[in-house]
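**Student:**
Residue numbers (this note's numbering), protein chains in the order written: chain A, 1 to 536; chain B, 1001 to 1536.
#1: Quick check on the DSSP output: what are the complete beta strand (DSSP E) runs of length 3 or more inside the stretch 1372-1402 of chain B, in order along the chain?
#2: Could you check which residue in A:48, A:53, A:55 and A:98 has the C-alpha nearest to that of residue 72 of chain A?
#3: Which chain B residues are close to residue 397 of chain A, counting only those with a beta carbon under 8 Å from its beta carbon?
#4: Alpha carbon to alpha carbon, what distance is there between residue 1359 of chain B and residue 1346 of chain B?
#5: On the CB-based measure, 16 or more other CB atoms within 10 Å of its CB, does residue 1151 of chain B come out buried or exposed?
#6: Is there at least one Cβ from chain B nearer than 7 Å to residue 147 of chain A's Cβ?
#7: Hey, would you say residue 1256 of chain B sits closer than 7 Å to residue 1170 of chain B, going by beta carbons?
#8: In chain order, what residues of the same chain have a beta carbon less than 6 Å from the beta carbon of residue 182 of chain A, not counting five sequence neighbours either side?
#9: Suppose contacts are defined by Cβ-Cβ distances below 7 Å. Is residue 280 of chain A in contact with residue 445 of chain A by that definition?
#10: Kindly indicate if chain B contains any beta-carbon less than 7 Å away from that of residue 290 of chain A.
#11: Taking 8 Å as the limit between beta carbons, can you name the residues of its chain near residue 1436 of chain B, skipping five residues before and five after?
#12: For the pair the stretch 1157-1175 of chain B and the stretch 1404-1421 of chain B, tell me if three or more CB-CB distances fall below 8 Å.
#13: Tell me whether residue 243 of chain A sits in a helix, a strand or coil according to DSSP, three-state version.
#14: Taking just the CA atoms, how far does residue 1138 of chain B sit from residue 1052 of chain B?
#15: Establish whether the CB of residue 1317 of chain B and some CB of chain A are separated by less than 7 Å.
#16: Please name the residue in A:375, A:80 and A:513 whose C-alpha comes closest to that of residue 452 of chain A.
#17: Excluding the 5 residues preceding and the 5 following residue 123 of chain A in the sequence, name in chain order all residues of the same chain whose CB lies nearer than 8 Å to its CB.
#18: Leaving out five residues on either side along the sequence, give the residues of the same chain with a beta carbon under 8 Å from the beta carbon of residue 1120 of chain B.
#19: Pull the bridge partners of residue 1334 of chain B from the DSSP assignment, please.
#20: Residue 434 of chain A lies in the alpha helix (DSSP H); which residues open and close that run?
#21: Within 8 Å, do at least three Cβ pairs link the stretch 110-119 of chain A to the stretch 263-273 of chain A?
#22: By the criterion of Cβ-Cβ separation under 7 Å, what are the contact partners of residue 1513 of chain B in chain A?
#23: Which residues, in order along the stretch 1474-1495 of chain B, keep a beta-carbon less than 8 Å from a beta-carbon of chain A?
#24: Leaving aside the five residues before and after residue 221 of chain A along the sequence, list all residues of the same chain whose C-beta is less than 7 Å from its C-beta, in chain order.
#25: Under 7 Å, Cβ to Cβ, is there at least one residue of chain B near residue 173 of chain A?
#26: Compare the beta carbon distance of residue 1417 of chain B and residue 1368 of chain B with 7 Å and say whether it is the shorter of the two.
#27: Residue 1286 of chain B by DSSP, collapsed to three states: which one?
#28: Quick one: is residue 218 of chain A buried, meaning 16 or more other Cβ sit within 10 Å of its Cβ, or exposed?
#29: Which residues bound the beta strand (DSSP E) around residue 318 of chain A?
#30: By the 8 Å beta-carbon criterion, what residues does the stretch 1234-1259 of chain B contribute toward chain A?
#31: List, in chain order, every chain B residue whose beta-carbon is nearer than 8 Å to that of residue 383 of chain A.
#32: Look at the Cβ atom of residue 1266 of chain B, then the Cβ atom of residue 1390 of chain B, and state whether they are nearer than 7 Å.
#33: Which chain A residues are close to residue 1124 of chain B, counting only those with a beta carbon under 8 Å from its beta carbon?
#34: Kindly indicate if chain C contains any beta-carbon less than 7 Å away from that of residue 272 of chain A.
#35: Please decide whether residue 78 of chain A counts as near chain B, where near means a Cβ-Cβ distance under 7 Å.
#36: Could you list which residues in chain A have their beta carbon closer than 7 Å to that of residue 1278 of chain B, in chain order?
Now the structure itself:
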């Protein structure tokens, strides 16, 4: 089955995406389909919010927003501008949700393991414990960054000078990413060049000129004219190259390259649209986004306000929350709710059964991060000025800050695990044990670790107060069964946040979900407040 | 022929590098060879200057340095610190040489085409007309940047969101780098997977497990489980992905991909050690390096001092130069000379015949750059925040500034040609024609060009006063015949600059050549000033 109207001019629709689409077509997807057909793609792709209709002078509408994360703040900002009466109830002592930047003196509100960040008090010494990088295609987030005056700088994901470390390859020694990737490309294309030369190309590929393909392979892998890979200067030099001729590295063994797990995923990370260079980060920490929003709508945010009950009424949503030691009650025309689904499911509520079942069914990730303060930026001594090293150990990654180059100290991301196993394992340790583990594992890549790491903080998202989890983990099955239910409003109640998006774990998903709810709400309010439309 | 002592632990020495080395082995290369053998590689690879012995209280040594480019300034800085009496004669009105950052009001000293830079006067509105990016392996330059307090930020070379444009492919329309590269990898690995499956792998590659190789290919090209490439989300999305499912792009035709010249070079630029992410740039312009040096040794630099004659004497080097309308004469114990070889060859001199012949034989490049001020950063509207687009047109590249994101205006690099043809063609135009050409060609990639480009400057290095050329163009033959001659001193005269390095066109080459000369000079002076050594 292949719907021609869904293909782009150049040819076939990506099969994977196509199936994804066909499986779930309907509702607002039909809008996209129409947009594709009439050539409106670029605008649609940018995903801008349809401007909210400002309320008339005599119109009053109240909205209660639950949670001051990026989704809730987006909603507050837009509703405030359009003249809505809105309030944001935030359970914790701070706004931002998982947009959390840790600096000197900040407290980490982990259940059972309260920590205080001991980084030195300097502008470049911070850790983005939640989102830490902005892809260029996250147009909504970039739109707000621009509008809120948040200064951006380049963030580096991929660094060929950084290390690839796998305990089961290269004798357990780290190797430079550059040598690994160059040799992998070289051997891969050498084998292919041999196969192509030996086989009947016409049978394998229509319309491709064999000689040109061989040229392509030689360029791709930096092969010798005879199609063999005998090393490449792309792998870097062992010495020389300035006042004496360059001396190249030896080449690795391809079998050894294949032994390391790097090629199974990390090697291609930069190929992903969301992970491709250049990425960006706010100067001074990701929470500059939060500060930007708070400068506009901070007056509408009530901190330390823990919601206890959400009740759908015929013309309102009623909230009971604890604040200042007492229970308070609040009713609003609408509610936009970003409370994590699994926490929301446990509150008093009167959601319809299918809605409640959906909230209950959605699992959460256990992402875990460690930030380490180093008294010396020893990675710069190794020629690493930014980017990520990968290891088969539990810490998985080491991130080097691309800001503050040449400063005395720096904050490394000493661990970033996204699998449930890693997150669970680290979360069971005490904060001190986590740091010790990160140092012990990091030292296998950087022997300088024990000498220079001064202190650290750890953030296991599934143990963080008011969170108890990270990105929603939608499976195909869950999505088919529950996504539409949670995306549609339950009466006057809208669930928002990255949890109700096709991009959980990213700020862009949270903003998009808020936009989706706001556009729906906007249409309802227009009908309610316009006598002509109301009659229709 | 294969010298085992030159191989690294992992195996074969890169053939290319090995031949390069073997062909020219001797002299200081022997030092490297020994270093390799005794495991001193890392230190050697960093290429630090052997600290100059400070002159004793009673020792006086004078050095005249010709040219205040990066090589000359490096020499002045080191000699000054070691107590030498040195002076730098600079022909132009400014220091820096090809390290040239253009800002509002700067004059471009092109012979016959004087220009004034009309950029707005703002810190982020500048053009690096010479070197513009610093690779992480240029340890000498990075050492000085650190020591001189130059603040660095990340520079972006490669951007998958930028454009690939070839007039002979895709109907002449630009395509996103991301789609081109993803589809190229996909088709390439699909063909290979078919070939591997169809052939007898044991014959093509020793010790490689066939099934693992197929897995590798599927991961590399994002192939379907059956080994076919049917598009990949790595190519990005046409729409959706946030509140509705993502809709993928169609895939290109592999034959069309092969038609575009992008794969012959530009596609692999980021694979080069000197071009790999992350690169860096000084905040505010490359000439922050020059300013850093000048803050230390500016008092020793005489501008507008044009050398007319260089005479080797038994115990001195004598310089005649024009300054303030008169000819002046100066003698020093040593001379470090960075005057471009082809200009130096035309001055009065008494160099030995082989030295003079070498100076005369060395050709120069014709690199050409255009900077364009845009009244709106329209590339950000296209999701491009940094990096480079490539085109088959004469302008070759368009660079987008990664600094000043979200600012009102920005400076594009509107053309960067490195071949002699492009440089010659642009140099023959008037400055206004060059800008018109850059706008006309740029508009094929960005239709917004004519609307937003406000003004521009052009720098053809082979017409720039006191330069008349760019990087020295060593061929293998020239290098075999002349390099050693020019690298060794002629009496008390040392030729320096990137022209006497294996890395012409890069600041690192200039610094390395200065270090090489300084180390030689240091040894001589130690012998001269140490009675014990003198007797030996």
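Glycine residues also receive a C-beta, built at the ideal position from the N, C-alpha and C atoms.
Bear in mind that the values here come from a model prediction, so they are computed numbers and not experimental data.
**Tutor:** Based on what the coordinates show:
#1: Runs of the beta strand (DSSP E) lying entirely within the stretch 1372-1402 of chain B and spanning at least 3 residues, in chain order: 1387-1391 and 1397-1400.
#2: From the listed residues A:48, A:53, A:55 and A:98, the smallest Cα separation to residue 72 of chain A is found for A:98.
#3: Under the 8 Å cutoff, chain B gives no residues; its nearest Cβ is about 16 Å from residue 397 of chain A.
#4: 9 Å
#5: exposed
#6: Between residue 147 of chain A and chain B, the shortest Cβ-Cβ separation is not below 7 Å.
#7: yes
#8: 232, 234 and 235
#9: Result no, Cβ atoms of residue 280 of chain A and residue 445 of chain A do not sit closer than 7 Å.
#10: Not one chain B Cβ lies under 7 Å of residue 290 of chain A.
#11: none
#12: No, they do not touch.
#13: coil
#14: 21 Å
#15: no
#16: Ranking A:375, A:80 and A:513 by Cα distance to residue 452 of chain A puts A:375 first.
#17: 284
#18: The residues are 1104, 1373 and 1409.
#19: B:1063
#20: From DSSP, the alpha helix (DSSP H) with residue 434 of chain A extends over 431-442.
#21: Short answer: they don't touch.
#22: 243
#23: 1487
#24: 185, 186, 188, 189, 190 and 229
#25: no
#26: yes
#27: In this structure, residue 1286 of chain B counts as coil in the three-state DSSP scheme.
#28: Its Cβ being crowded by 16 or more others within 10 Å, residue 218 of chain A is buried.
#29: 317-323
#30: 1234, 1235, 1236, 1237, 1238, 1239, 1240, 1241, 1242, 1243, 1244, 1245, 1246, 1247, 1248, 1249, 1250, 1251, 1252, 1253, 1254, 1255 and 1258
#31: 1136, 1137 and 1139
#32: Yes, Cβ-Cβ distance for residue 1266 of chain B and residue 1390 of chain B is below 7 Å.
#33: In chain order: nothing, as chain A lies at least about 11 Å away.
#34: Here chain C cannot be found, since the structure's protein chains are A and B.
#35: no
#36: 156, 159, 385, 386, 387 and 402
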